[in-house]
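First comes the structure, then the notes that go with it.
There are 2 protein chains.
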Amino acid sequence: MPRTSERYRDARREYILDAARRAFARNGFHATSMHDLFAEAGLSSGAVYRYFAGKDEVVVAIVEDNIRQIGAMIRAVTEERADGSFGAALAAAVETIQAKHRENGLAGIGVQAWTEALRDPRIGAAFEELLTGLRSELAEVVAHYQRTNTLPPGPSAESLASVTIAILVGYIQQLALLGPDAVADVPDALRALWPSSAVAG
Amino acid sequence: MPRTSERYRDARREYILDAARRAFARNGFHATSMHDLFAEAGLSSGAVYRYFAGKDEVVVAIVEDNIRQIGAMIRAVTEERADGSFGAALAAAVETIQAKHRENGLAGIGVQAWTEALRDPRIGAAFEELLTGLRSELAEVVAHYQRTNTLPPGPSAESLASVTIAILVGYIQQLALLGPDAVADVPDALRALWPSSAVAG
DNA sequence: TAGTCGAAAGAGAACGATCGTTGTCGTTTA
DNA sequence: TAAACGACAACGATCGTTCTCTTTCGACTA
Chain A
1 MPRTSERYRD ARREYILDAA RRAFARNGFH ATSMHDLFAE AGLSSGAVYR YFAGKDEVVV
61 AIVEDNIRQI GAMIRAVTEE RADGSFGAAL AAAVETIQAK HRENGLAGIG VQAWTEALRD
121 PRIGAAFEEL LTGLRSELAE VVAHYQRTNT LPPGPSAESL ASVTIAILVG YIQQLALLGP
181 DAVADVPDAL RALWPSSAVA G
Chain B
1 MPRTSERYRD ARREYILDAA RRAFARNGFH ATSMHDLFAE AGLSSGAVYR YFAGKDEVVV
61 AIVEDNIRQI GAMIRAVTEE RADGSFGAAL AAAVETIQAK HRENGLAGIG VQAWTEALRD
121 PRIGAAFEEL LTGLRSELAE VVAHYQRTNT LPPGPSAESL ASVTIAILVG YIQQLALLGP
181 DAVADVPDAL RALWPSSAVA G
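Chains as they are written, first to last, in the UniProt record's numbering: chain A, 1 to 201; chain B, 1 to 201.
Set out below in structure tokens:
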């Protein structure tokens with residue numbers, strides 16, 4: 001018979017993750033020690049280790065959540081805008097990412113997560129799943145724009161989806177490194193590159 | 001009066017950096033210890049520390065070289081192809097990057113460097129310089145394509161340059177994470193997106 | 001309903017391991 | 001032969017983690 005409810009445990013876990021996110025966004029995964037994390041959360045080591053088996057588990061939890069966030073944002077925006085132009089859908093995705101980044105530093109965590117994916121098999125697998133899943137889903141969206149002649153019919157929908165992902169990933173990278181203001185004009189460029197009217201191919 | 005020539009010292013330094021690159025590409029900057037580096041180079045700590053003041057200096061040297069490589073490749077390709085189509089120039093840049101990655105794991109080091117740029121001010125400054133310099137140079141190239149009606153005249157050349165950088169950065173990211181085969185069809189997509197003929201805008 | 005008991009939560013000191021770095025001493029070469 | 005190179009042991013610091021002890025709170029009992 002547990003002393004506390006499951007709701008309490010979940011809330012506590014989330015509280016620790018929030019503190020970890022702040023600390024990690026400030027100094028990076030590796031440069032942030034567990035003691036830094038304890039200080040940021042205002043808790044002792046014993047308290048934190050009751051909810052996470054180790055530092056790796058904290059990192060993985062944060063990265064997996066970050067993956068889920070980014071994936072969900074891209075999916076939501078591109079699908080709901082399937083009737084507008086391709087450029088407008090892309091611009092909307094970018095603007096959503098930017099807004100989220102301003103409030104919780106999404107991009108910084110994301111960039112760090114990509115590097116971690118190269119080393120940690122668990123994170124690597126999660127990213128591969130995100131990217132390949134996103135690619136096939138975006139391929140369907142892209143195919144729609146190919147049929148309506150706003151994207152060239154020549155290349156495969158999958159290859160165009162890869163370019164789409166590249167744009168979003170590269171945008172997040174610049175967002176993290178240069179800040180939101182430096183890339184504020186990207187949405188306009190995307191809308192102009194792929195407007196509603198037909199494009200040569 | 002030094003025991004050896006300056007040429008010897010330079011060669012030795014480069015030898016150590018090559019070993020470090022291999023070790024870092026395999027395990028990442030942080031997960032690779034100096035002892036790992038000594039083993040990879042087949043040298044003692046004393047030998048390495050005679051050429052580098054510390055681990056940070058090794059990392060910075062490798063990252064700065066990586067920045068120089070990527071910047072040079074993008075500049076060379078986009079400038080020499082200024083008479084072809086924008087898509088062809090982009091595809092050529094991507095193919096050059098892919099070839100280099102196959103031979104020395106360029107993309108993996110690059111992705112790690114981006115993360116390090118968030119934390120180390122020296123690396124961060126180098127990257128900001130690369131990105132902003134590249135952006136203004138690419139803006140001139142892009143402006144050329146805007147004048148010849150192969151890119152829409154509406155958006156600023158700088159904003160289109162940011163999108164161009166995003167594509168290249170995002171491509172490198174996918175190259176590192178998914179491997180060359182998974183993104184082999186990207187060049188074709190780029191050529192199809194921006195062919196020689198005029199594009200609506 | 002008040003009191004008691006047991007288990008979970010949390011604090012905090014401390015430990016073992018590892019890492020980056022240094023210092024010493026032999027070796028090599030202009 | 002003097003100075004740089006290089007090997008190697010070892011050091012201090014730091015980090016992730018554990019262990020012990022106290023505190024807290026829900027459940028059961030009278």
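The beta-carbon is built from N, C-alpha and C at its ideal position, and this holds for glycine as well.
Through-space distance from residue j to residue i, alpha-carbon basis
i, j, result
"residue 34(A)", "residue 60(A)", "15 Å"
"residue 124(A)", "residue 118(A)", "6 Å"
"residue 47(B)", "residue 106(B)", "26 Å"
"residue 185(B)", "residue 176(B)", "15 Å"
"residue 75(B)", "residue 14(A)", "46 Å"
"residue 100(A)", "residue 173(A)", "14 Å"
"residue 130(B)", "residue 4(A)", "53 Å"
"residue 140(B)", "residue 79(B)", "10 Å"
"residue 70(B)", "residue 138(B)", "14 Å"
"residue 39(B)", "residue 68(A)", "39 Å"
"residue 190(B)", "residue 49(B)", "46 Å"
"residue 97(B)", "residue 183(B)", "12 Å"
"residue 55(A)", "residue 113(B)", "22 Å"
"residue 136(B)", "residue 66(B)", "20 Å"
"residue 134(B)", "residue 45(B)", "38 Å"
"residue 164(B)", "residue 27(A)", "29 Å"
"residue 111(A)", "residue 128(A)", "15 Å"
Boundaries of the alpha helix (DSSP H) in which residue i is found, first to last residue
i, result
"residue 38(B)", "34-41"
"residue 29(B)", "Per DSSP, residue 29(B) belongs to no alpha helix (DSSP H) and is neither H nor E."
"residue 159(B)", "157-178"
"residue 66(B)", "55-80"
"residue 141(A)", "121-147"
"residue 52(A)", "Counting along the chain, residue 52(A) falls outside any alpha helix (DSSP H), and DSSP gives it neither H nor E."
"residue 150(B)", "From DSSP, residue 150(B) is part of no alpha helix (DSSP H); its letter is neither H nor E."
C-beta atoms of residue i and residue j nearer than 8 Å
i, j, result
"residue 81(A)", "residue 88(A)", "yes"
"residue 93(B)", "residue 168(B)", "yes"
"residue 188(B)", "residue 159(A)", "yes"
"residue 36(A)", "residue 53(A)", "no"
"residue 155(A)", "residue 192(B)", "yes"
Beta-carbon contacts of residue i that lie in its chain and below 7 Å, excluding the five residues immediately before and after
i, result
"residue 86(B)", "145, 150, 151 and 194"
"residue 25(A)", "105, 108 and 109"
"residue 102(B)", "180"
"residue 77(A)", "89, 92, 93 and 96"
"residue 32(A)", "23 and 24"
Residue from the options with nearest C-alpha to residue i
i, options, result
"residue 148(B)", "126(B), 84(B) and 180(B)", "84(B)"
"residue 108(A)", "154(A), 21(A) and 12(A)", "21(A)"
"residue 178(A)", "62(B), 65(B) and 166(B)", "166(B)"
"residue 132(A)", "181(B), 112(B) and 157(B)", "181(B)"
Sequence-distant residues of its chain with Cβ nearer than 6 Å to residue i (five each side left out)
i, result
"residue 64(B)", "126"
"residue 7(A)", "none"
"residue 58(B)", "20 and 52"
"residue 157(A)", "139, 142 and 143"
"residue 41(A)", "16 and 19"
"residue 196(B)", "85"
Own chain partners of residue i with C-beta closer than 8 Å, once the 5 adjacent residues on each side are dropped
i, result
"residue 51(A)", "9, 12, 13 and 16"
"residue 1(B)", "Residue placement at residue 1(B) is poorly supported in this model, since its pLDDT is 39, which falls under 50; the coordinates still yield a value, given next. Cβ within range, chain order: n/a, list empty."
"residue 116(B)", "29, 59, 63 and 123"
"residue 220(B)", "Lying outside 1 to 201, the shown extent of chain B, residue 220(B) is not represented and no answer is given."
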